Every structure is written in C-alpha cells, then in structure tokens.
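Chemist: Structure provided below as structure tokens; questions to follow.
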Amino acid sequence: MNSHPPTISDPTSNPLALIAQEMVQVDGVISDRLSTGVPLVADVAKYIIGAGGKRLRPALLLLVSGALGFRGSERFALAAVVEFIHTATLLHDDVVDDSTLRRGRATANQVFGNPASVLVGDFLYSRAFQMMVEVAPPGVISVLAETTNVIAEGEVLQLMNVRDANITEEAYLRVIRSKTAKLFEASARIPSILANADVQLEEQCAVYGQAIGTAFQVIDDALDYDGSSEVMGKNLGDDLREGKLTLPLIFAMRLATPAHSKLIKDSIETGALERLTDIIEVVRATGALRKTRLVAQSEALRAVEAARCLPVNPYSDALIKLALDLVGRQN
Ligand code: GRG
Numbered sequence: 016m017n018s019h020p021p022t023i024s025d026p027t028s029n030p031l032a033l034i035a036q037e038m039v040q041v042d043g044v045i046s047d048r049l050s051t052g053v054p055l056v057a058d059v060a061k062y063i064i065g066a067g068g069k070r071l072r073p074a075l076l077l078l079v080s081g082a083l084g085f086r087g088s089e090r091f092a093l094a095a096v097v098e099f100i101h102t103a104t105l106l107h108d109d110v111v112d113d114s115t116l117r118r119g120r121a122t123a124n125q126v127f128g129n130p131a132s133v134l135v136g137d138f139l140y141s142r143a144f145q146m147m148v149e150v151a152p153p154g155v156i157s158v159l160a161e162t163t164n165v166i167a168e169g170e171v172l173q174l175m176n177v178r179d180a181n182i183t184e185e186a187y188l189r190v191i192r193s194k195t196a197k198l199f200e201a202s203a204r205i206p207s208i209l210a211n212a213d214v215q216l217e218e219q220c221a222v223y224g225q226a227i228g229t230a231f232q233v234i235d236d237a238l239d240y241d242g243s244s245e246v247m248g249k250n251l252g253d254d255l256r257e258g259k260l261t262l263p264l265i266f267a268m269r270l271a272t273p274a275h276s277k278l279i280k281d282s283i284e285t286g287a288l289e290r291l292t293d294i295i296e297v298v299r300a301t302g303a304l305r306k307t308r309l310v311a312q313s314e315a316l317r318a319v320e321a322a323r324c325l326p327v328n329p330y331s332d333a334l335i336k337l338a339l340d341l342v343g344r345q346n
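So my numbering is basically just the index in the sequence shown, starting at one, shifted up by 15.
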C-alpha cells in the first residue's frame with residue numbers, strides 16, 4: 016500500500032477548491048435531473064435544493080475519484096445521486112422531527128406541508144435510483160441499495176431510542192454510523208469500485224467515509240448545544256426538544272452533579288422543555304462538549320489514517336485536510 020508522508024498543508028487553503036469546476040458539472044446534472052411535468056414536485060425540489068447545502072457527499076465522491084485517478088463522466092451522475100438521496104432523507108427527516116428551520120430558511124414541510132415533503136422525498140429518492148441504473152455497474156448499485164436500507168434502519172433505531180435516558184455511547188454510535196455515516200461511506204467507496212481498486216484500497220476508502228461521516232454527525236450533535244442558530248441555519252436545542260439523547264447529553268449526565276443529571280434525565284423522559292436553557296448551561300459547564308469534540312477528533316484521525324493509504328496527490332491531501340477541517344466546523 017502507498018503511504019502518505021505527514022502533510023504540512025496550507026492551513027488557509029480550501030480542500031474543496033480543487034473540485035470547484037467539477038461541482039459546477041454536478042450542479043448541472045442536479046438541475047437537469049430535477050425535470051418533471053408535475054409542478055409541485057419541481058417547486059418543492061427546487062425549494063430545498065436551491066437553499067444550498069454544503070454538497071459534502073458529492074465533494075467526497077469527486078475527491079476520492081481524483082485521488083484514485085478515475086476520470087469517467089459517471090462520477091458526475093453518481094455525485095448527483097448521493098446528493099438526491101441526501102436531500103430525500105432531509106425532506107423525510109424534517110417531517111418526522113417536525114422541524115421548522117433548515118439551511119437557514121423555513122423547512123419544506125413548513126412551506127408546502129408534510130404530504131408534499133414526503134412525496135417529493137420519494138420522487139428524489141426514486142430519481143436517484145433511475146439515474147444510478149443508467150450509469151453504475153452492479154457493485155455500485157449494490158452499495159447504494161444497502162446504504163439506503165441501512166439509513167432507514169438507523170432512523171428507526173433512533174425512533175426506538177427517543178425518550179430513553181439510558182442510551183449508551185455505543186448505542187448512540189450505532190445510530191449515527193447508520194443514519195449519517197453510511198452515505199459518506201458510500202460516497203467514498205463508490206469511486207474505488209468505478210476505479211477497479213483492489214479490495215484493501217476499497218476498504219480504506221469506505222473506512223475514510225465512515226470515519227469522516229461519524230465525526231461530522233458528532234460535531235452536528237455538539238453544535239445543537241454550542242452553535243449559533245444563525246450560522247447553522249437550524250434551531251439550537253432541537254435534539255432535546257425531540258427527546259434524543261445524543262453524545263453531549265450522555266457525557267453531561269455522567270459528569271454533572273446528581274441533581275443536574277436528574278434534570279437532564281427528566282427532561283429527556285418527559286419532554287419538558289422549561290429547563291432547556293439550564294440544560295444547555297450544564298452541558299457547557301461540565302466539559303461534555305469538549306469530550307464530545309474529542310470523540311469527533313479521534314474519528315477524524317481515523318479518516319486521516321485511511322486517507323494516507325491512498326495514492327499521494329493533491330486530492331488525497333485535500334481529503335486529509337477536509338477530515339481535519341470538519342472537526343472545527345460551525346455549520
Ligand atoms: C429516504 C433512504 C431514505 C430514508 C429516510 C428520514 C431518514 C430515513 C433518514 C434521515 C437521515 C438524516 C437526516 C441524517 C442526518 C444527516 C445530517 C447530519 C444532515 C445534515 O447534513 P449537512 O449538514 O446538510 O451536510 P446540508 O444542508 O449542508 O446539505
């Protein structure tokens with residue numbers, strides 16, 4: 016296996032700059048493939064996709080393609096496929112959670128209602144499958160079929176855990192590896208299949224995606240207690256509101272005084288929100304957020320180790336930088 020020397024990269028450089036032109040092509044595919052004769056489908060799909068989004072999963076697919084020297088045009092269609100699947104999950108998730116704010120604006124369910132959100136999510140999801148069968152070899156189709164199934168399982172697991180104050184760190188990790196990290200994993204694995212990489216290299220790509228996806232969700236959960244609603248484009252304290260015990264609360268319950276720990280437990284179990292501000296304060300004061308960020312950091316380092324097994328070039332350097340940057344993200 017090829018091994019990377021430690022990278023001393025320019026700390027101000029943007030790892031996504033390398034694929035900026037390619038992302039324009041992906042945006043072209045996204046806009047072409049939103050075509051439909053049903054106006055409501057187009058309205059909802061354009062509303063959510065037009066709101067932006069970081070396009071991280073397509074970026075991952077393009078960066079790994081670059082690192083492995085795969086230049087086939089299928090990569091643009093498949094980058095759009097992972098973004099469509101991601102967007103379908105967001106539409107469904109906002110209905111399930113009754114969320115009101117996403118990407119800095121009212122959620123699609125707020126604007127168009129729950130039925131339109133669910134059904135347009137189904138449209139994007141099935142359009143993604145139409146697109147993938149046009150261009151992808153069976154190995155890629157199998158990865159995406161497995162991925163979407165695992166994402167759905169992760170969401171059901173999370174639903175089963177709602178209002179349970181005894182969720183362990185392991186149970187939490189199982190949920191996030193399924194609901195979030197699995198699509199990152201697929202985005203990094205797909206180019207290795209397209210590039211006919213050997214089994215070990217394919218595995219390292221998958222590990223990179225899984226680790227960066229896990230780090231990403233852990234930071235997302237920290238930001239729910241620590242971020243700025245304006246910068247994130249979504250509300251603070253949503254997880255507690257929904258009865259979800261995420262890593263910051265698991266750690267805070269362990270580190271807090273018995274009285275504060277009980278406050279968190281009661282709030283998760285009953286859904287009482289009057290003490291939300293106090294709970295956010297406890298989470299911050301106990302050092303639970305620092306501990307949470309350390310978990311994300313260790314996942315990011317696992318991603319870096321995996322990226323060091325890729326050929327040494329600017330794309331794999333960018334993958335390393337991306338993993339390190341995501342830990343410090345604010346939105
Ligand atoms: C349709 C296959 C399918 C499943 C439905 C509802 C559901 C099952 C899955 C939801 C999974 C989910 C929303 C996980 C959270 C992932 C996450 C951290 C989303 C935010 O990602 P960002 O920050 O979003 O990349 P942007 O807005 O930048 O695109």
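Every residue gets a Cβ at the ideal spot worked out from N, C-alpha and C, and that includes glycine.
Remember, it's a predicted structure, so these values are computed and weren't measured experimentally.
Pull the bridge partners of Ala121 from the DSSP assignment, please.
Modeler: The partner list for Ala121 (beta bridge, DSSP) reads Leu116.
Chemist: At which residues does the alpha helix (DSSP H) containing Gly169 begin and terminate?
Modeler: Gly169 -> alpha helix (DSSP H) spans Pro153 to Asn176.
Chemist: For a test of the three-state rule: what should DSSP assign to Ala355, helix, strand or coil?
Modeler: Outside the shown range of the chain, which is 16 to 346, sits residue 355, and nothing can be said about it.
Chemist: Ends of the alpha helix (DSSP H) at Glu218?
Modeler: Unbroken alpha helix (DSSP H) run through Glu218: Val214 to Asp241.
Chemist: By DSSP, does Val39 sit in helix, in strand, or in coil?
Modeler: Here Val39 sits in helix by DSSP.
Chemist: Which of the three DSSP states, helix, strand or coil, is assigned to Thr285?
Modeler: Thr285 falls in the helix class under three-state DSSP.
Chemist: With C-beta atoms as the reference, is Ala131 less than 8 Å away from Ile283?
Modeler: No, they are not a contact pair.
Chemist: Does the beta-carbon of Ala201, which I'm using as the reference point, lie nearer than 7 Å to any heavy atom of the ligand GRG?
Modeler: No, the ligand GRG has no heavy atom inside 7 Å of this Cβ.
Chemist: Is it buried or exposed, Arg269, if we count other Cβ atoms within 10 angstroms and call 16 or more buried?
Modeler: Exposed, since its Cβ has fewer than 16 Cβ neighbours within 10 Å.
Chemist: Quick one: grab the DSSP three-state call for Gln345.
Modeler: In the structure shown, Gln345 sits in coil (DSSP, three-state: anything other than H, G, I, E or B).
Chemist: State the DSSP-derived secondary structure class of Val150, mapped to helix, strand or coil.
Modeler: In the structure shown, Val150 sits in a helix (DSSP, three-state: H, G or I).
Chemist: Which value, in whole angstroms, describes the spacing of the CA atoms of Gly242 and Leu251?
Modeler: Their backbone Cα atoms lie some 7 Å apart in a straight line.
Chemist: When DSSP labels each residue in this structure, what does Pro329 get in the three-state scheme?
Modeler: Residue state, collapsed to three classes: helix.
Chemist: Would you kindly report the start and end of the unbroken alpha helix (DSSP H) that includes Leu76?
Modeler: Run containing Leu76: Leu71 to Leu83, per the alpha helix (DSSP H) assignment.
Chemist: Just to check my reading of the structure: Leu49 and Ile64 have Cβ atoms closer than 8 Å, yes? What is that Cβ distance to the nearest angstrom?
Modeler: Right, the Cβ-Cβ distance comes to about 7 Å (below 8 Å), so this counts as a contact.
Chemist: Where do the ends of the alpha helix (DSSP H) carrying Arg15 lie?
Modeler: Given that the chain is displayed from residue 16 to residue 346, the structure contains no residue 15 and the question cannot be resolved.
Chemist: If you reduce the DSSP assignment to three classes, tell me which class Arg317 lands in.
Modeler: Helix.
Chemist: The alpha helix (DSSP H) spanning Glu257 covers which residue range?
Modeler: Note, Glu257: premise wrong, no alpha helix (DSSP H); not H, not E.
Chemist: Which two residues bound the contiguous alpha helix (DSSP H) that contains Val190?
Modeler: Here the alpha helix (DSSP H) through Val190 covers Glu184 to Ile191.
Chemist: Going by Cα to Cα distance, which pick from Pro153, Glu257 and Glu161 is closest to Ile208?
Modeler: Answer by Cα proximity: Pro153.
Chemist: Would Ala274 be called buried (16 or more neighbouring beta carbons within 10 Å of its own) or exposed?
Modeler: Exposed: under 16 other Cβ atoms inside 10 Å.
Chemist: Assess, as a yes-or-no matter, whether the region 81-98 is touched by the region 187-197 under the definition of 3 or more beta carbon pairs within less than 8 Å.
Modeler: Touching, no, given that fewer than three Cβ pairs across the two stretches are closer than 8 Å.
Chemist: Can you find a heavy atom of the ligand GRG that lies under 7 Å from the Cβ of Tyr187?
Modeler: Result no, Cβ not under 7 Å from the ligand GRG.
Chemist: Cβ-heavy atom distance between Ala167 and the ligand GRG below 7 Å?
Modeler: Result yes, Cβ under 7 Å from the ligand GRG.
Chemist: From Pro21 to Asp108, what does the alpha carbon distance come to, in whole angstroms?
Modeler: Unreliable positioning characterises Pro21 in this predicted model, as indicated by a pLDDT of 46, which lies under 50. The coordinate reading is nonetheless provided below. Pro21 and Asp108: Cα-Cα distance of roughly 39 Å.
Chemist: In terms of residues, what are the limits of the alpha helix (DSSP H) holding Leu198?
Modeler: Leu198 -> alpha helix (DSSP H) spans Lys197 to Leu209.
Chemist: Could you tell me if the beta carbon of Gly343 falls within a distance shorter than 7 Å of some heavy atom in the ligand GRG?
Modeler: Checking the Cβ of Gly343 against the ligand GRG gives no.
Chemist: If you draw a straight line from the C-alpha of Ala338 to the C-alpha of Gln219, how long is it?
Modeler: If I take the Cα positions, the gap works out to 14 Å.
Chemist: Does Lys61 pass the burial test, meaning 16 or more other C-beta atoms within 10 Å, or should it be called exposed?
Modeler: Answer is exposed; the Cβ neighbour count stays below 16.
Chemist: Rounded to a whole number of angstroms, what is the C-alpha to C-alpha distance between Val214 and Lys277?
Modeler: For Val214 and Lys277, the distance between alpha carbons rounds to 48 Å.
Chemist: Over the uninterrupted alpha helix (DSSP H) stretch that includes Lys61, give me the two end residues.
Modeler: Element bounds for Lys61: Pro54 to Gly65.
Chemist: Taking just the CA atoms, how far does Gly84 sit from Arg70?
Modeler: So the alpha carbons of these two residues sit roughly 21 Å apart.
Chemist: Relative to the C-alpha of Val158, which candidate in Ile335, Glu200 and Gln173 has its C-alpha closest?
Modeler: Here the closest residue by C-alpha is Glu200.
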